[in-house]
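Asker: Reading the sequence shown from the start, the letters are residues 500 to 639 in this note's numbering. Input: one structure, supplied below.
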Amino acid sequence: MAIERTFSIVKPDATKRNITGAINAKLEEAGLRIVAQKRIHMSKEQAEGFYDVHKERPFFGELTEFMSSAPVIVQVLEGENAVAKNREVMGATNPKEADAGTIRKEHALNIGENSVHGSDSLENAKIEINYFFTEEEIVG
Ligand code: ADP
Ligand code: MG
Numbered sequence: 500m501a502i503e504r505t506f507s508i509v510k511p512d513a514t515k516r517n518i519t520g521a522i523n524a525k526l527e528e529a530g531l532r533i534v535a536q537k538r539i540h541m542s543k544e545q546a547e548g549f550y551d552v553h554k555e556r557p558f559f560g561e562l563t564e565f566m567s568s569a570p571v572i573v574q575v576l577e578g579e580n581a582v583a584k585n586r587e588v589m590g591a592t593n594p595k596e597a598d599a600g601t602i603r604k605e606h607a608l609n610i611g612e613n614s615v616h617g618s619d620s621l622e623n624a625k626i627e628i629n630y631f632f633t634e635e636e637i638v639g
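Now the structure itself:
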């Protein structure tokens with residue numbers, strides 16, 4: 500297995516409830532290293548650009564409103580098999596379907612306000628990292 504980098508977001512529902520540390524602990528316990536991190540408040544346009552792949556989905560408006568409604572923590576995570584490992588520790592999109600011990604099972608409120616984002620492929624991870632970070636901001 501190779502050392503990979505993936506992109507993560509601690510979403511507004513989590514920053515509002517002051518549980519960013521609890522989420523970071525879960526990531527670190529899973530063996531993921533936070534090699535870049537910043538707190539930002541996304542504009543609606545920035546959220547729309549980030550979620551462009553979902554623009555035809557019925558929840559696009561709700562999703563981009565939510566993601567620009569409060570601060571988020573954008574992160575780069577590094578580790579063995581980081582893309583798949585992060586998806587595993589995140590749990591299923593719908594917290595009702597998420598496995599015990601996952602971030603979404605323990606913290607998500609519902610299918611929309613589900614506490615975390617994680618890249619779904621290495622290719623998308625690179626695109627998403629570049630959307631928010633310069634190379635100088637990532638310190639592995
Ligand atoms: P994931 O975040 O698990 O990769 P998707 O890429 O399918 O899930 O969806 C992106 C985000 O859109 C989800 O994390 C969630 O915040 C939101 N979302 C997905 N499906 C729904 C839905 N049916 N209703 C409302 N929001 C949704
Ligand atoms: Mg996705």
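Using N, Cα and C, we set each Cβ at its ideal position, and we do this for glycine too.
Can you check which of these residues, GLY590, GLU622 and PHE631, is closest to ALA529 by C-alpha distance?
Answerer: The shortest C-alpha separation from ALA529 is found at GLY590.
Asker: Give me the residue from LYS584, VAL588, ILE637 and ILE508 with the minimum Cα distance to GLY600.
Answerer: Nearest C-alpha to GLY600: VAL588.
Asker: Once DSSP output is grouped into helix, strand and coil, what is the label at ALA586?
Answerer: First, the residue type needs correcting, since residue 586 is Arg and not Ala in the sequence shown. Residue state, collapsed to three classes: helix.
Asker: Under the rule that 16 or more other beta-carbon atoms within 10 Å means buried, what is ARG538, buried or exposed?
Answerer: Per the 10 Å Cβ criterion, exposed.
Asker: Would ILE533 pass as an interface residue toward chain C - the criterion being a Cβ-Cβ separation below 8 Å?
Answerer: Going by chain labels, chain C is absent from the structure shown, which holds only one protein chain.
Asker: So what does GLY617 bridge to, in DSSP terms?
Answerer: Answer is SER507.
Asker: What beta strand (DSSP E) runs, 3 residues minimum, are completely inside the region 513–539?
Answerer: As far as the region 513–539 is concerned, its whole beta strand (DSSP E) runs of at least 3 residues are 532–539.
Asker: Assign THR633 to buried or exposed, taking buried as 16 or more other Cβ atoms, counted over all protein chains shown, within 10 Å of its Cβ.
Answerer: Exposed, by the Cβ-count rule.
Asker: Let's see if you can read the secondary structure: which residues bound the alpha helix (DSSP H) around LEU562?
Answerer: Per DSSP, LEU562 belongs to the alpha helix (DSSP H) from 559–566.
Asker: Count the other C-beta atoms from every protein chain shown that fall within 10 angstroms of the C-beta of HIS540, then say buried if there are 16 or more, exposed otherwise.
Answerer: Its Cβ having fewer than 16 others within 10 Å, HIS540 is exposed.
Asker: Can we count ASP619 as close to the ligand MG, meaning its CB is less than 7 Å from some heavy atom?
Answerer: Because some heavy atom of the ligand MG lies under 7 Å away, the Cβ of ASP619 counts as near it: yes.
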